[in-house]
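Have a look at the structure below, then the notes.
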Amino acid sequence: MNSLKPTPVRRRYSITMMLSLTSLLVLLLFIAMAVLVQNRLGSFQNLLQNITGSAIPAVVQSSKVYSQINQLLYLTEALSRSPSQAVRHNLYQDIQLNLQGLQSLTKEWQTGFYQNAQLVALTEEIDNLNQLMSERLELQSKVQSSQQQIYQLYEQVQLYTSKLALADEERHSQWLLEFAAVVTLSGKASDSNRVMQLRQLKQQIEQQMLRLRQARAVLPANQLELAEQSDLQLRSLLLESEGLLPLREQQLAIGGRATGRGNFVRNLVLDYARLAENSAYDISGTVLADAAQIQQQLQQDNRQILSGALLVIVFLLVAIALIHRRVVRRLEQLNHNVLLQVQGKAAAHQIEGHDEIAAIARSFAYFASTVAAQQQELQQLSYTDSLTGLANRRAFEQQFHQALVQAQRQQWPLTLLMIDVDCFKAYNDHYGHKAGDDTLVRVAALLQQGINRGSDLVARYGGEEFIAILPDTNAAGASAIASQLLLLFRQAALPHQFNQATDHVSISIGICCVDEASKADYDSMLRRADNALYQAKANGRNGFAFSEH
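Per the working numbering, the sequence shown runs over residues 144 to 692.
Structure follows, in structure tokens:
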């Protein structure tokens, strides 16, 4: 294996160098093309300077104005829907910054008087809208505060009454239900968004307050004072000038004004946007005319550049063909060799040379030989039983055929022992499979101790069955070895209370001896040994029997 180890190779040429030279030539060609393009661009450089100095800045300025207007439209709509004072304040600050930016762009753009007047009016209307929104949000906060106080009052009434030992629970419950009905109507009023609906709820609340007073009149004297205070406090929170219903009505009125003002501001912004769009349209017309002139010049230059591009393409095609021949095709051959060697076949292509691909091919050949050696080692491991360490059935079959051929050649007898552990299923059922595995290991050790010649082989045939090959052993020798094995198991005295033959682990042995190996084969000897094993078990186990010819 060491002879296959790749060694450093003196390289007369390198793929890296070839690719580097090709890349360098491509780079030089592109530089030449760039110089050509630069020379052609000089012919209309003055025209581009005119466009970049006047038309393009105007377009950029127009796009900035249009972007600012779109942002202003979004901010004003957001301002009209502000959910809180903090959001309103932040949006108003953003609008002020946006208006300052528009004013700055308007001065730079040198717009007409009408646009400047439109921007001034827009600024004033936005200030008015912000003031209305501030008032609406302040009233909203007061409404929410009043509603919260009403809920707290109801919770206090519930908590206090729950601690009293009421003499007339039915009358008190009626008053508490009427009180809860007023609280429920107040919640509907705080959520109402229509003035007419709010006024209807106000009438319902006043009627409910009358029923609440009637229910209070029948309460016991010790609870009447608390009920009167609670009713007065509830009426104050609902109907006084700073109560929930008047505040909600003011909020809806200011909200309507804010909505109208917001729509008016939106229309002003849209008008200003249309003015900016008209100005941008005029500028774009000028830019398009200049661009058409540039396009004509570019078409003329493109025809000249095309010739140089064709030259570059031809060179690239030649470079690709060379790379395919020297690199891609040889890599494909290397890949084919790899696939064949993975399948255990010989390489189909001889990859020669002194470059990187040839070095990889030699390295792979070395590693392929290493893998083959490792596979051979794994194959040897596959002939061993993992539990007992004995040869497995596959190794036994291979060894048997070799022993049979040798016996036929040497004309000596051949003996086959089929060995089975008595009542092993009962052992597993009562002692457990872990103990059964340990016992099989002990059995294997005893068999190796009794069958210890270098030419003999003991193998695990499957489960609790073992098999042994005894070359150059006749019936007398087989009988002696079988007796020796039975003695070893009696001396070992491995406990087995459920053995029908004895109180320890025992074995039954079937013996097949052939004096003339030329008349024997694997299947017949195995069948005869198996029949002898059944005979030994029929004789009461813990013994051996010979097969009949």
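We put the CB at the ideal spot given by N, CA and C, even for glycine.
Inset, instruction - Use the C-beta contact count for Leu445: other C-beta atoms within 10 angstroms, 16 or more gives buried, fewer gives exposed. - result: The amino acid at residue 445 is misidentified as Leu; the sequence shows Asn. The residue is exposed, with fewer than 16 neighbouring Cβ atoms inside 10 Å.
Inset, instruction - Look up Leu335 in the DSSP assignment and say whether it is helix, strand or coil. - result: For the sequence presented, residue 335 should be read as Ser rather than Leu. Note: Ser335 maps to coil in three-state DSSP.
Legend entry - Secondary structure of Tyr677, DSSP reduced to three states: helix
Inset, instruction - Decide if Thr159 is buried, meaning its Cβ has at least 16 other Cβ atoms within 10 Å, or exposed. - result: exposed
Inset, instruction - Run the CB neighbour count on Phe687, radius 10 Å, all protein chains shown included, and call it buried at 16 or more, exposed below. - result: buried
Inset, instruction - Report buried or exposed for Lys680, applying the criterion of at least 16 other Cβ atoms within 10 angstroms of its Cβ. - result: buried
Inset, instruction - On the DSSP bridge assignment, give the partners of Asp563 in chain order. - result: Glu608 and Ser651
Inset, instruction - Would you identify the three-state DSSP class for Ala663, choosing helix, strand or coil? - result: coil
Inset, instruction - Tell whether a beta-carbon distance below 8 Å holds between Ile650 and Val564. - result: yes
Inset, instruction - Could you work out which residue in Leu168, Asn674 and Pro556 is closest to Ala619 when comparing CA atoms only? - result: Pro556
Legend entry - Buried or exposed (CB count within 10 angstroms, at least 16 for buried), Thr582: buried
Legend entry - Rounded C-alpha distance that separates Glu349 from Gln366: 23 Å
Inset, instruction - Identify whether Arg684 lies in helix, strand or coil by the three-state DSSP scheme. - result: coil
Inset, instruction - My understanding is that Arg537 touches Tyr604, with C-beta atoms under 8 Å, so please give their C-beta distance in whole angstroms. - result: Between Tyr604 and Arg537 the Cβ distance is about 11 Å, and since that is not below 8 Å, they are no contact.
Inset, instruction - Can you tell me which of the three DSSP states Lys148 falls into? - result: Bear in mind that a pLDDT of 48 at Lys148, under 50, signals an unreliable position, so the number given afterwards is only what the model happens to contain. Looking at Lys148 - three-state DSSP - the assignment turns out to be coil, as it is neither helix nor strand.
Inset, instruction - With His544 as the anchor, note down where its alpha helix (DSSP H) starts and where it stops. - result: Arg536 to Gln553
Inset, instruction - Kindly indicate which three-state DSSP category Ile636 falls into: helix, strand or coil? - result: In the sequence on display, residue 636 carries Ala and not Ile. Ala636 falls in the coil class under three-state DSSP.
Legend entry - Whole-angstrom distance between Gln643 and Tyr544, CA atom to CA atom: Position check: residue 544 holds His in this sequence, whereas Tyr was assumed. Whole-angstrom Cα-Cα distance: 36 Å.
Legend entry - Contacts around Thr150, its chain only, beta-carbon distance under 8 Å, and the 5 residues preceding and following it disregarded: Its pLDDT being 46, under 50, Thr150 is placed unreliably by the model, and the measurement read from it follows with that caveat. Closer than 8 Å at Cβ, skipping near neighbours: no residue.
Legend entry - Option in Asp658, Ala508 and Ala602 with minimal Cα separation from Thr531: Ala602
Legend entry - Thr531 in three-state terms, based on DSSP: coil
Inset, instruction - Would you tell me roughly how many angstroms separate the C-alpha atoms of Gln343 and Ser335, rounded to the nearest one? - result: 11 Å
Inset, instruction - Give the straight-line distance between the Cα atoms of Tyr303 and Ile269, rounded to the nearest whole angstrom. - result: 51 Å
Inset, instruction - Mark Phe510 as exposed unless 16 or more other C-beta atoms lie within 10 angstroms of its C-beta, in which case mark it buried. - result: exposed
Legend entry - C-beta atoms of Ile594 and Leu559 nearer than 8 Å: no
Inset, instruction - Between the Cα of Leu589 and those of Phe567, Gly597, Leu242 and Leu631, spot the shortest distance and give me the residue it belongs to. - result: Leu631
Legend entry - Sequence-distant residues of its chain with Cβ nearer than 6 Å to Gly398 (five each side left out): Arg279
Legend entry - Unbroken alpha helix (DSSP H) run spanning Leu583, endpoints: His576 to Gly593
Legend entry - Reference Ile456, options Leu162, Leu164 and Leu168, closest by Cα: Leu168
Inset, instruction - Report the partner residues of Phe689 according to the DSSP bridge assignment. - result: Ile654
Inset, instruction - Express the C-alpha separation of Ala175 and Met144 in angstroms, rounding to a whole number. - result: Note that Met144 scores a pLDDT of 43, beneath 50, so its modelled location is shaky; the value from the coordinates is reported in the next line. Between Met144 and Ala175, the C-alpha separation is close to 55 Å.
Inset, instruction - Check whether the Cβ atoms of Leu388 and Lys345 lie closer than 8 Å to each other. - result: yes
Legend entry - Cβ-based burial, Phe609 [other Cβ within 10 Å; buried from 16]: buried
Legend entry - Status (buried if at least 16 other CB within 10 Å, exposed otherwise) for Gly575: exposed
Legend entry - Arg473 in three-state terms, based on DSSP: helix
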